[in-house]
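Each residue of the sequence shown is one higher than the one before, starting from 1 at the first, in UniProt numbering.
Backbone N, C-alpha and C define an ideal beta-carbon position, used for all residues, glycine too.
Below you'll find the structure, written out as structure tokens, and then a few comments.
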Amino acid sequence: MRVFCDFDGTISIEDATDMVLSRFAGPEWEDIERLWKQGLIGSGECMRRQIALIQASRGELDRFLDTLAIDPGFEAFLSFCRRGDLPVTIVSDGVDYFIRRILARHGMDGLPIIANVLTCSVSQGRESYSLFPPFTAIGCVSGAGVCKCRVVDSHGLQVYIGDGRSDFCVSDKVDLVFAKAKLVDYCEENGIPYVGFNDFSDLLPKMEAVLPSVERRSRTLPQVKTA
Numbered sequence: 001m002r003v004f005c006d007f008d009g010t011i012s013i014e015d016a017t018d019m020v021l022s023r024f025a026g027p028e029w030e031d032i033e034r035l036w037k038q039g040l041i042g043s044g045e046c047m048r049r050q051i052a053l054i055q056a057s058r059g060e061l062d063r064f065l066d067t068l069a070i071d072p073g074f075e076a077f078l079s080f081c082r083r084g085d086l087p088v089t090i091v092s093d094g095v096d097y098f099i100r101r102i103l104a105r106h107g108m109d110g111l112p113i114i115a116n117v118l119t120c121s122v123s124q125g126r127e128s129y130s131l132f133p134p135f136t137a138i139g140c141v142s143g144a145g146v147c148k149c150r151v152v153d154s155h156g157l158q159v160y161i162g163d164g165r166s167d168f169c170v171s172d173k174v175d176l177v178f179a180k181a182k183l184v185d186y187c188e189e190n191g192i193p194y195v196g197f198n199d200f201s202d203l204l205p206k207m208e209a210v211l212p213s214v215e216r217r218s219r220t221l222p223q224v225k226t227a
């Protein structure tokens, strides 16, 4: 069994990319965001255009990223997974550098991370940024730079934890979904079994309770709804 987990809004308290854009990109990033929400562009194109707007040095980025918080229950969740020999991979349509920096500050570096790759170039003493999407897929319903369906495509038992739009397409392709926020609504609307959670302190006892039944009955988990 493997565990895949979203980052922004799931492990992190805030959406790290949105926070960086709000601080360093100016209001144009929100115009691009609206195009994505209206379905006029995919999330991959949205992210690439937004990241190109960032005006900050690497040091300024680092200092800002160091102020962002993660779910205080995530460390205990990782400890549980390690004890149970459950590999955890972070899979995000966000930015790899942001994720690594935030986790490292909290002493959690070394986790496998699959996300859009940030590149930095310097011209006339100023940094500019771009994204390389490592797992795009033609026909991805999210138009994502990281198509999560491709990442979790295997025959093993899989647990997925997420909260938002980039998690929609993968939610019906795994054995167990832990959902909050927008992902709960999507699972409800599409009849996808899920376990609801508020944070990792809430998720952990539910995971301990439900994993044995998943191992016995792959892909037949009854729907569990929590407020």
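Helix, strand or coil at residue i [DSSP, three-state]
i    : result
Y194 : coil
T17  : helix
I11  : coil
F80  : helix
L211 : helix
D93  : strand
L204 : helix
F178 : strand
V146 : strand
V88  : strand
Sequence-distant residues of the same chain with beta carbon closer than 8 Å to residue i, five excluded per side
i    : result
T119 : Y129, S130, L131, F132
S166 : D6, S43, S92, D93, S142, A144, V146, K148
V224 : Confidence at V224 is low in this model, with a pLDDT of 46, below 50, so the placement of that residue should be treated as unreliable; the coordinate-derived value is given next. Cβ within range, chain order: P193, Y194, V195, G196, K206, V210.
Inter-residue CB distance, residue i and residue j (contact presumed, cutoff 8 Å)
i    : j    : result
D175 : L203 : Not quite, the Cβ-Cβ distance comes to about 16 Å (not below 8 Å), so this is no contact.
A179 : C187 : 5 Å
L86  : M1   : 6 Å
Cut-off 6 Å between Cβ atoms - residues of its own chain near residue i, not counting five sequence neighbours on either side
i    : result
A56  : F24
L103 : D109
F77  : F200, L204
beta-carbon residue i near the ligand SAH non-hydrogen atom, thresh 7 Å
i    : result
A179 : With respect to the ligand SAH, the structure shown offers nothing to examine, as it has no ligands at all.
7 Å CB neighbourhood of residue i in its chain, flanking five on each side removed
i   : result
Q38 : none
W36 : S43, C46
C81 : V3, V88
Those residues which DSSP pairs with residue i across a bridge
i    : result
Q158 : R2
F132 : V117
S123 : R126
TODO: Jot down the residue ranges of each uninterrupted alpha helix (DSSP H) in the segment 14-64, minimum 4 residues, whole runs only, in chain order.
DONE: 16-24, 28-37, 43-51
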